[in-house]
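Its first residue numbered 1, the sequence shown is counted upward by one per residue in UniProt numbering. Think of the CB as a built atom: it goes at the ideal place given N, C-alpha and C, for glycine as much as any other residue. Note that the structure is predicted; figures quoted are calculated from it, not measured. Shown next, in structure tokens, is the structure this report addresses.
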Amino acid sequence: MQGTQARPDSARESDGIVSGQAQASVAATAGQPQISGTGVSASSTDRNASSQLSGTGTLDSGVATGTISSPELATTASFRAQPSDGFNAVNDTALRAMPESDMLTRPDVASVEELNAELAVSIPDQGMSEKNAKAIAVLETAYFEYFVTKDPAPVDVGKLSIPPSISQCQNKYADKLTNSKSFIAGVLNWVPLVSRNLRGFDNCKAVESLEVGVYFHYMRASPTAARPNELEARVKAQVDTLNEALGAVRINFRLMALNWWEPKANEDWSKVSRREHKLTEWQHRTRAPGKLVLTVWIVNGLRDGGKDDQELNGYATFPNEKLDDADGIVIEEARVQGGDATTLVHDVGHWFGLGHTFNELGQECLIQSGLTNATQTSGNRDVVFQCSQVTCAGGPAVDVNNYMSYSSCRGKTPRDGFTTDQKARMFANALQFRRGYESGECMPDGSAAVKKRSSMQDLLDGKCPDVDKQASILINVPHSSGTIPSSSTGWLWAATVAPCAFVLSFLWAFI
């Protein structure tokens, strides 16, 4: 296996192709870990365009920096595939000589069969602990109320309000959200109790934006295969699209590198199956560590690895406290496009903990996902793929633009592709699993007891939830390991498949 790196910002000829040894490793230092190894990237013109992706300025060549929104949490990367027996360096001359395909990239339009395959794999691999589930429940509700008031998603501006009557749902409020004293204490040592009263944000800092470093890896189909047409440009355009769609809810992406790999002499990478050994080996060697770092592996063809080994557009891992070396997204090369391509944006939503807007394929709004009724859509097979649908809130049909739907017009207006409740859920998962808490930031105060708390929809409705019914739904639905959690484990991720159903939910109330 051979590797080379393309970085988004060092001087090079206009083709943007990069060469060098696959020896990138980062020595993590506070604020500015250095990436070692050779490699050059796009021209200064492209660099200027890339620097606008997250509004943070020019990207420094060969450096993975701490994020602007999270300066204390340095991004780190360590590509462990070192040249050795079976791992050969690729020099600049060889990469320049690699032919480029003249085949046009087909539109990123998924078939029903491909969506069914995606549905079957888009579930968490493991259950969530009771401690983490309570933390997520606290954070997503607290941030939902905060965002409704301070910074709703563009699609929700002027549409959401939380009535004062919601106060009747609780017997006692926490007076504040506490300051996080340290990252370790925040993640490991606190017992989360809810604070619905967000006046506590006056006493500590709310996290209002996130920035994610993104590393792309591409595996050539064979040692003699042409490389995909304009892949470098498409990767940059894809990051632009991520920033247009998720930047609207204050989640921005920084392109860190595009890394090129060649398979061993006898390997065929024209198609690869999910969890196939050679794929997982590649992932384990190349994943960039760090909680708020996304690794995207690009393959030429992808299958789901199931009984029928169906075509698959891409898949993502869900957030949890045990993030392994396969954490990230695997995607078919043709789906990386930017513009109106939706597959990678959809998978990034899963990577941040979002489920689909529908909950069970074939059902009509029967299962509550924890999101608001206006975000949730029907799983009825007659409508789930249509552009115009009636949401679970009722009323007239609307064009479903949400990236987490299977609507034929999802993502048509990128800035309207995520809702405020989805924003709150993504922030909650990012803080708990992919980023952590910095000093002075808000986290639920464990000193005050709360009798009951409400879901995001209940906050809008001004009423209390049916705790027992919701808890029963959450506890008794298996995740992909096929095990049913007992009540003592407190597993709160819920997902079923098949003909697939997917439910992503959180604890609604606890004592």
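Does the Cβ-Cβ distance between Thr419 and Asp151 come in under 8 Å?
Taking 8 Å as the Cβ cut-off, Thr419 and Asp151 do not qualify as a contacting pair.
Completely contained beta strand (DSSP E) runs for the segment 199–277, where each covers 3 or more residues:
Here the runs fully enclosed are 210–219 and 251–262.
Could you tell me which residues DSSP pairs with Thr343 in its beta bridges?
Its beta-bridge partners do not exist; DSSP assigns none.
With a threshold of 16 other CB atoms inside 10 Å of the CB of Met256, please say whether the residue is buried or exposed.
Under this definition Met256 is a buried residue.
Can you have a look at Arg287 and say buried or exposed, based on whether 16 or more other CB atoms are within 10 angstroms of its CB?
Counting the other Cβ atoms within 10 Å of the Cβ of Arg287 gives 16 or more, which makes it buried.
For Asn373, which of helix, strand or coil comes out of DSSP?
Asn373: coil per DSSP, three-state reduction.
If we count the other Cβ atoms within 10 Å of its Cβ and call it buried at 16 or more, is Asp421 buried or exposed?
Buried: at least 16 other Cβ atoms inside 10 Å.
Please report the residue range of the alpha helix (DSSP H) in which Leu115 lies.
DSSP places Leu115 inside the alpha helix (DSSP H), whose first and last residues are Val112 to Val121.
8 Å Cβ cutoff met for Thr241 and Pro414:
Going by C-beta atoms, Thr241 is nearer than 8 Å to Pro414.
Under the three-state reduction of DSSP, which class applies to Met404: helix, strand or coil?
Per DSSP, reduced to three states, the secondary structure at Met404 is coil, with no helix or strand assignment.
Reference His350, options Gly301, Pro223, Pro164 and Gly328, closest by Cα
Of the candidates Gly301, Pro223, Pro164 and Gly328, the one whose C-alpha sits nearest the C-alpha of His350 is Gly328.
Pair within 8 Å by beta-carbon distance, Phe352 and Ala248
No.
Assigned exposure category for Ser407 - 16 Cβ within 10 Å defines buried
When all chains shown are included, Ser407 counts as buried.
Contact under 8 Å by Cβ, Arg285 with Gly305:
Going by C-beta atoms, Arg285 is not nearer than 8 Å to Gly305.
Just how far apart, CA to CA, sit Gln376 and Ala153?
Taking the straight line from one Cα to the other gives about 16 Å.
In terms of residues, what are the limits of the alpha helix (DSSP H) holding residue 517?
The question about residue 517 has no answer, for the chain in this structure spans 1 to 511.
Is the Cβ-Cβ distance between Asn313 and Ala120 less than 8 Å?
Not a contact, by the Cβ cut-off of 8 Å.
Using only the alpha-carbon positions, how far apart do Asp399 and Ile298 sit?
Answer to the nearest angstrom: the Cα atoms are 31 Å apart.
Excluding the 5 residues preceding and the 5 following Thr317 in the sequence, name in chain order all residues of the same chain whose CB lies nearer than 6 Å to its CB.
Within the same chain, Thr317 has close Cβ partners Asp327.
Going by DSSP, what residue range makes up the beta strand (DSSP E) through Thr295?
Looking at the DSSP string, the run of the beta strand (DSSP E) that includes Thr295 is Val293 to Val299.
Gly57 classed as buried or exposed, judged by whether at least 16 other C-beta atoms fall within 10 angstroms:
Confidence in Gly57 is poor, its pLDDT being 27 and thus under 50, which makes the residue's placement too unreliable to answer from.
Taking 8 Å as the cut-off, decide whether the C-beta atoms of Gln337 and Leu139 are in contact.
Contact: no.
State the beta-bridge partners of Asp327 as determined by DSSP.
Answer is none; Asp327 lacks a bridge partner.
Thinking just about the alpha-carbon of each residue, which of Ala424, Thr343, Ala233 and Thr149 is nearest to the one in Leu371?
If we check each option's Cα against that of Leu371, Ala424 comes out closest.
Name the residue from Phe358, Phe385, Cys409 and Leu294 whose alpha carbon lies nearest to the alpha carbon of Ala341.
Looking only at Phe358, Phe385, Cys409 and Leu294, the smallest Cα-Cα distance to Ala341 is reached by Cys409.
Thinking just about the alpha-carbon of each residue, which of Ala226, Ser378 and Ser129 is nearest to the one in Lys322?
Of Ala226, Ser378 and Ser129, the smallest CA-CA separation from Lys322 is found for Ser129.
State the DSSP-derived secondary structure class of Asp156, mapped to helix, strand or coil.
Helix at Asp156.
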